[in-house]
Amino acid sequence: MTQHFLLSSKARMLSSYEIAQLSEEEAYDLLCELRWGGKEFITCPKCGVQHKPYYISTRKQWRCKHCNHTFSVTSGTIFANRKKPIKVYLYALMEWVNAVKGLSSLQLARNAKLNPRTAFVLSHKFRKALLESRDMKPLSGVVDMDGTYVHPAPRKANKKADRIDYRLKGNQNSDKRCVMVTREHYSSEEKASNALHCGAKRSHVFVAHTESQSVVKNFADKFIKPNTQINTDESTAYDVLLPYYDLRTVNHKEEYRSDLGVTNNQAE
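1 is the number of the first residue of the sequence shown in UniProt numbering; add one for each residue after it.
In structure tokens:
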């Protein structure tokens, strides 16, 4: 079985402890390296030309030789017009990224010694950066697709006589929603070229009222290329994809993986 990424040494290449040990100058150099690969060849955020611009050492800024635009290492990023040292932002970002199960703004405020309102805004800036950098190109190759319901039923009553059958449509929770997900596999060539290319390559997730044929069809039309191989479970909601995609199903009542190798475990 492939090792989980969080158990590998790659997940420990940079830590919050190391960020905390940096001086402000070292944190500045690290941000330059993360953004441009160093200070030698820099991409102007306005005209996009990669070259060696004029460096204004007294202001720690550069001036582009092509468009004469003056910029810094944080220009055009969520850290633009910052009021805190770069080291504080890098530490907060490292804490936020390493919290794989999420990190509240109040805990981030305590960890990075920030005002709670500052931590709240900073957390949303991190989320905004992720949202704007999403790759929304349609999935292709081999794609796993599945849906699951959240908030399906309230807590059962203590007495058996007072319990309601929430499987009946009239008793179902009105707040119940279906979370749909599609995940694209790495190709055989990508797996052979890089050992880290395992599992899912890209994912698309959205929330719907129900796992129905109309919802599945609209989702597939928007996010999956025609004729793509789609692996699903035995739900009849996916039958609508048959004329447009290479649909392959596995009956989870009988098996998790079919004898033909069909499985949608990446989406599960």
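No residue lacks a Cβ here, since even glycine has one placed at the ideal position from N, Cα and C.
Assigned exposure category for residue i - 16 Cβ within 10 Å defines buried
i: H151; result: exposed
i: P53; result: buried
i: A119; result: buried
i: L139; result: buried
i: F41; result: exposed
i: D135; result: exposed
i: D165; result: exposed
i: Y28; result: buried
Span separating the alpha-carbon of residue i from that of residue j
i: D162; j: C178; result: 27 Å
i: R183; j: E255; result: 20 Å
i: S16; j: H124; result: 20 Å
i: R59; j: S72; result: 9 Å
i: E268; j: K113; result: 39 Å
i: A237; j: M180; result: 12 Å
i: K176; j: F206; result: 14 Å
i: R127; j: M94; result: 14 Å
i: G261; j: R155; result: 38 Å
i: P116; j: A129; result: 20 Å
i: Q21; j: W36; result: 22 Å
i: A80; j: E18; result: 24 Å
i: E24; j: S9; result: 26 Å
Closest by C-alpha distance to residue i, when choosing among the options
i: H204; options: K137, D246, L168, N171; result: K137
i: G48; options: E33, C67, C198; result: C67
i: Y245; options: Y89, A220, T43; result: A220
i: R63; options: C44, A119, A11, C32; result: C44
i: E26; options: I86, K191, S174; result: I86
i: T77; options: V100, E132, R167; result: E132
i: C32; options: M13, L90, N111, N115; result: L90
i: A109; options: L122, L22, N218, K128; result: L122
i: H252; options: G261, D233, P243, V262; result: D233
i: N98; options: S193, H197, L14; result: L14
Proximity below 9 Å, CB of residue i to CB of residue j
i: I230; j: R248; result: yes
i: K65; j: H51; result: yes
i: H185; j: V143; result: yes
i: L106; j: W96; result: no
i: M145; j: N227; result: no
i: H209; j: V216; result: no
i: S187; j: G141; result: yes
i: Q266; j: G170; result: no
i: residue 274; j: H69; result: Outside the displayed span of the chain (1 to 268) sits residue 274, for which this structure offers no information.
i: A153; j: N173; result: yes
Beta-carbon proximity list for residue i, same chain, < 6 Å, skipping 5 on both sides
i: A157; result: R163
i: E258; result: Just to set this straight, residue 258 is Ser in the shown sequence, not Glu. V250.
Contacting residues, own chain, Cβ-Cβ under 7 Å from residue i (five flanking each side not counted)
i: S235; result: E211
i: F5; result: A11
i: V88; result: A112
i: residue 269; result: Given that the chain is displayed from residue 1 to residue 268, the structure contains no residue 269 and the question cannot be resolved.
i: G147; result: C178, V179, M180, E211
Same chain, Cβ closer than 8 Å to residue i, five either side skipped, listed in chain order
i: A92; result: L108, N111, A112, L114, A119, L122
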